[in-house]
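The sequence shown begins at 1 in full-length UniProt numbering and counts up one residue at a time.
Ideal placement from N, C-alpha and C gives every residue a C-beta, glycine not left out.
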Amino acid sequence: MTMTGARSASWTPPSCSWFCERVRKDAQTEDALASTTMTAAVLGDPGEIEVRTVPRPVPGPDEVLVEVRRASLCGTDVKIRSHAFFDGGRPPSADFIPGHEYAGVVAEVGSSVDEFAPGDRVVTEAHRGCMRCANCLRGAYTDCLNYGDRSKGHRAQGMTVNGGFAQYALNHVSTLTRLPDAVSFDEAVLLTTAGTVMHAFDVVPRMLVGATVAVIGPGPIGLIAVKIARELGAAKVVLVGTRAERLLIGTDLGADMVVDGRLPDAVERVRAAFGGVGADIVLECSGAAAAVDPALLMCKRGGDVVLVGFFGAPVTADLNRAVTSGITLRTVRGEGSGSVARAVALATRGRLPLGGLITHRFPLERIDEAFATYIERRGGAIKVMLDLPEPSSADERPA
Ligand SMILES: [Zn+2]
Ligand SMILES: [Zn+2]
1 MTMTGARSAS WTPPSCSWFC ERVRKDAQTE DALASTTMTA AVLGDPGEIE
51 VRTVPRPVPG PDEVLVEVRR ASLCGTDVKI RSHAFFDGGR PPSADFIPGH
101 EYAGVVAEVG SSVDEFAPGD RVVTEAHRGC MRCANCLRGA YTDCLNYGDR
151 SKGHRAQGMT VNGGFAQYAL NHVSTLTRLP DAVSFDEAVL LTTAGTVMHA
201 FDVVPRMLVG ATVAVIGPGP IGLIAVKIAR ELGAAKVVLV GTRAERLLIG
251 TDLGADMVVD GRLPDAVERV RAAFGGVGAD IVLECSGAAA AVDPALLMCK
301 RGGDVVLVGF FGAPVTADLN RAVTSGITLR TVRGEGSGSV ARAVALATRG
351 RLPLGGLITH RFPLERIDEA FATYIERRGG AIKVMLDLPE PSSADERPA
């Protein structure tokens, strides 16, 4: 008889309880790991984004951990992915997570946070000012003088600090707005974009009620601008663009008239629509360098042109038109003055039904395809959404 044989003879199989205990311990280890990690889309080399497991952030005293349910891509994300967005061409961190338009559920709150509780549905605003510089102190936190300086408290979600293309995102408590049940996550994500539009109207020192408005560029911002101008009482709204199907959506959202910007007499048509004198407010939302001259020409003497789009290249325009006609050029770089909260207020009343702008959705794992769809406008893409499952259902495992 060999020793092995002797051992086999005396060996008894582990009891069922031993086996179950072992499985339970493995599951606990996995749980512990899952509660400290998350899936996220992380920037790689210029143009690359990689979905992988990273540490899950832990909220500081004035922070909220948001379980992201929906996030959407915007033109800024394309510049972020190519690194063109960053001064010096480098992302702010080695494992940088983009995403500044997202909504979800509060998962955890910091020790000083009593404004929100786990389970609250929320939408984000991108910008948090340092709240110590002169601009922040007068409320202009989007123009924070410490822009990008995390050590002084400034943060722009998905731009200077990690954002929402992940299972979880860390927000300063001041950047979140609670969502009523009536506003879906789909609609909520578009309210960050709507916040930019609200702020573009904020910077014009005149009532929107009764004003005449021309919007150039029927992208998501331009289309939402048409809707908001209509909802806030503009007397007449004209949308200018080059793609017929987008102009049609603009009509659905309340444009009184649409004009094909490629027509040689496009400017005259727009001016004619406003009694031959042009619009009180012109919103340039296309980001096309060639749109600045028409924007100035479509504007009434003494009116305001607001540049909302980011230009891809330096712009040449005849600014004498502005100088000689008393036209004021204004700019916004996203939302501000609590404009996302005000967009939520409009949506709560059912006045911003924007879900129709969502044309595509992808799971986070297929973010590359989402980017390609958005950039190439595959299938008439307007808003491309990333869907994140509820972690509870994704993490389901046998007991
Ligand atoms: Zn955006
Ligand atoms: Zn500041």
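If I'm right that ALA194 touches LEU43 with Cβ under 8 Å, what's the distance once you round it to whole angstroms? Between ALA194 and LEU43 a beta carbon distance of about 26 Å is seen, past the 8 Å cut, so the two are scored as non-contacting.
Is any heavy atom of ligand 1 found at a distance shorter than 8 Å from the C-beta of HIS199? No, the Cβ of HIS199 stays beyond 8 Å of every heavy atom of ligand 1.
So is the beta-carbon of ARG132 under 8 Å away from any non-hydrogen atom of ligand 2? Flag set: Cβ of ARG132 near ligand 2.
Alpha-carbon spacing of ALA103 relative to THR39, whole angstroms: Going by the C-alpha atoms only, they are around 16 Å apart.
Less than 8 Å separating the Cβ of ASP186 from some heavy atom of ligand 1? Shortest gap from the CB of ASP186 to any heavy atom of ligand 1: 8 Å or more.
Would the beta-carbon of GLY254 fall within 9 Å of that of VAL226? Yes, these two residues count as a Cβ contact at 9 Å.
Inter-stretch contact at 8 Å, needing at least 3 Cβ pairs: the region 379 to 390 / the region 69 to 86: With the cut-off at 8 Å, the region 379 to 390 and the region 69 to 86 touch.
If you draw a straight line from the C-alpha of LYS300 to the C-alpha of ARG206, how long is it? Straight-line Cα distance between these residues: approximately 14 Å.
Same chain, Cβ closer than 7 Å to ALA6, neighbours up to 5 away in sequence not counted: Here the model assigns ALA6 a pLDDT of 41, short of 50, so the residue's position is not dependable, and the following value carries that caveat. Excluding sequence neighbours, ALA6 sits near nothing in its chain.
What do you reckon, are the CB atoms on VAL66 and ALA169 nearer than 9 Å? Yes, these two residues count as a Cβ contact at 9 Å.
Confirm, please, whether the CB-CB distance from LEU329 to PRO220 is below 9 Å. No, Cβ-Cβ distance for PRO220 and LEU329 is not below 9 Å.
Helix, strand or coil for SER8 per DSSP? At SER8 the pLDDT is 42, less than 50, meaning the model places this residue with poor confidence and gives no usable figure here.
Roughly how far, in whole angstroms, is the beta-carbon of THR251 from the beta-carbon of THR175, given that I think they are within contact range, below 8 Å? Not confirmed; about 34 Å, so no contact.
Going by CA-CA distance only, name the one from ALA347, ASP304, ALA156, PHE274 that's closest to ASP202. For ASP202, the nearest C-alpha among the options comes from ASP304.
Grab me the residues of SER8's own chain with a C-beta within less than 6 Å of its C-beta, minus the 5 sequence neighbours each way, in chain order. Low confidence applies here, because SER8 scores a pLDDT of 42, under 50, leaving its location unreliable and the question unanswered by this model.
First and last residue of the alpha helix (DSSP H) that includes ARG56? Careful: ARG56 lies outside any alpha helix (DSSP H) and carries neither H nor E.
Give every residue of the same chain whose Cβ lies closer than 8 Å to the Cβ of PHE362, excluding the five residues on either side of it in the sequence, and list them in chain order. Correct list, in chain order: GLU369, ALA370, THR373, VAL384, MET385, LEU386, ASP387.
Identity of the residues DSSP links to ALA40 by a beta bridge: Answer by DSSP bridge pairing, in chain order: ARG52, ALA166.
Nearest neighbour of GLN45, chosen from ARG155, PRO180, VAL270, ALA94 [CA to CA]: Per the sequence shown, the amino acid found at residue 45 is Asp instead of Gln. Nearest option by C-alpha distance: ALA94.
Does the Cβ-Cβ distance between ILE216 and LEU283 come in under 9 Å? Against a cut-off of 9 Å, the Cβ pair of LEU283 and ILE216 comes out as a contact.
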